[in-house]
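In the working numbering, the protein residues as written are -12 to 413.
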């Protein structure tokens, strides 16, 4: 479908430069600096990031043959940023002048090259031509009889309508809250109804209980678990567990020393029973400190949080012979960052190694300023790694703009994509 009408203005004697930035990021900044304030255009491009809250999106010239840019992959300079020209913060698609999703073809982008919020971007003088792909959200099949699955999902600001409520985001209306729950339910179904779903950014256990009681989820027999921490906004870690398959042995938060985190790791111990096969699994659900204060400035705290998980792992190992352990969650850390190295050094294996060993590319769970990033992780002990059958990041969020207000599908219910691993018991 086509979204927007191409109406390129008459620019008289202006010279309009077709943007051709180099792939190297530093070189591209030099390239853009020389063009700041000039009329520029992009005639034929592919969107590599959807339009966001601020009406901004990222393109790459179609001739480059690039459909995905990852953080620090040597192609970050190719990204061309566009601002839709609106002055409002978009909370849903109703205020967007036009919609762009990852993979859409965008042409006839013409306007001055501005520098705002530490980024060069085109301010189009007229609506670009957008050739939109049909949005078909992915879905996984339900599990085989000898399989169990574990997923992690940051559901982004899952607050109910009651007080207390943080200053940001605004308290949802009853309709907005019901829509959010419906969209999360659709996401859970699309994940194939994970045996265990570790969630982050949930306000309270009542919300998880409401999800578990939803008519589309009741056939799976979910039970909710959440313990409130001391996060300033009131967001916590929780679980939904299919207790007919995964018998609860223990569930408790493990507070870190000296106030290391207001969102302590949430320990869950379960025994998975599939036919005659049994497997006890320990999980540590985490939401590490945000990078909002700067990656370098905040990384020592995240590394200390990873080290605390390693201490908990050591305690489990001292009590249980050859335990099967999963450390997972929104670790707010890149795949090659020190906190992940700390976890690997403890003998844990990242499930993304399974993807790469099978010839796949390392997944992303988040798109920031056009580039794919891996912020959500799952690391397992070798005995669980041997049981891995598949690893999937279900792209239902990061690739897409806001859905319509009345859209109850999983599309962009969060800014993070969920990660799920399937294990097979022989």
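Even glycine gets a Cβ: it sits at the ideal position worked out from N, Cα and C.
{"Asked": "Across the segment 127 to 143 and the segment 252 to 262, are there enough close Cβ pairs to call them in contact, namely three or more that are closer than 8 Å?", "Found": "yes"}
{"Asked": "Quick one: residues in its chain with C-beta nearer than 7 Å to the C-beta of residue 303, no 5 flanking neighbours on either side, listed in chain order?", "Found": "269, 310, 312"}
{"Asked": "With a CB to CB cut of under 6 Å and the five nearest residues on each side skipped, what residues in its chain are close to residue 1?", "Found": "26"}
{"Asked": "Would you tell me roughly how many angstroms separate the C-alpha atoms of residue 390 and residue 314, rounded to the nearest one?", "Found": "32 Å"}
{"Asked": "Ends of the beta strand (DSSP E) at residue 377?", "Found": "375 to 380"}
{"Asked": "Taking the CB atoms as reference points, tell me whether residue 227 and residue 184 lie closer together than 7 Å.", "Found": "yes"}
{"Asked": "Count the other CB atoms within 10 Å of the CB of residue 14; is the residue buried (16 or more) or exposed (fewer)?", "Found": "exposed"}
{"Asked": "Assuming residue 95 and residue 34 make a contact with CB atoms under 8 Å, what is their CB distance in whole Å?", "Found": "Wrong, their Cβ atoms sit about 14 Å apart, outside the cutoff."}
{"Asked": "Determine the contact status of residue 353 and residue 366, defining contact as a CB-CB distance below 7 Å.", "Found": "no"}
{"Asked": "Could you give the first and the last residue of the continuous beta strand (DSSP E) run that contains residue 187?", "Found": "183 to 189"}
{"Asked": "So, at 6 Å on beta carbons, what are the nonlocal neighbours of residue 23 in its own chain, with the 5 sequence-adjacent residues on each side left out?", "Found": "100, 102"}
{"Asked": "Which residues in the same chain as residue 297 place their Cβ atom closer than 6 Å to its Cβ, once the five residues preceding and following it in sequence are excluded?", "Found": "333"}
{"Asked": "Output yes or no for whether 7 Å exceeds the beta carbon distance between residue 174 and residue 397.", "Found": "yes"}
{"Asked": "May I have a chain-ordered list of the beta strand (DSSP E) segments no shorter than 3 residues that lie completely inside the segment 19 to 75?", "Found": "26 to 36, 43 to 48, 67 to 70"}
{"Asked": "With 16 other CB atoms within 10 Å as the buried threshold, where does residue 193 fall?", "Found": "exposed"}
{"Asked": "Less than 7 Å separating the beta-carbons of residue 117 and residue 67?", "Found": "no"}
{"Asked": "Does the separation of the CB atoms of residue 274 and residue 250 fall below 7 Å?", "Found": "yes"}
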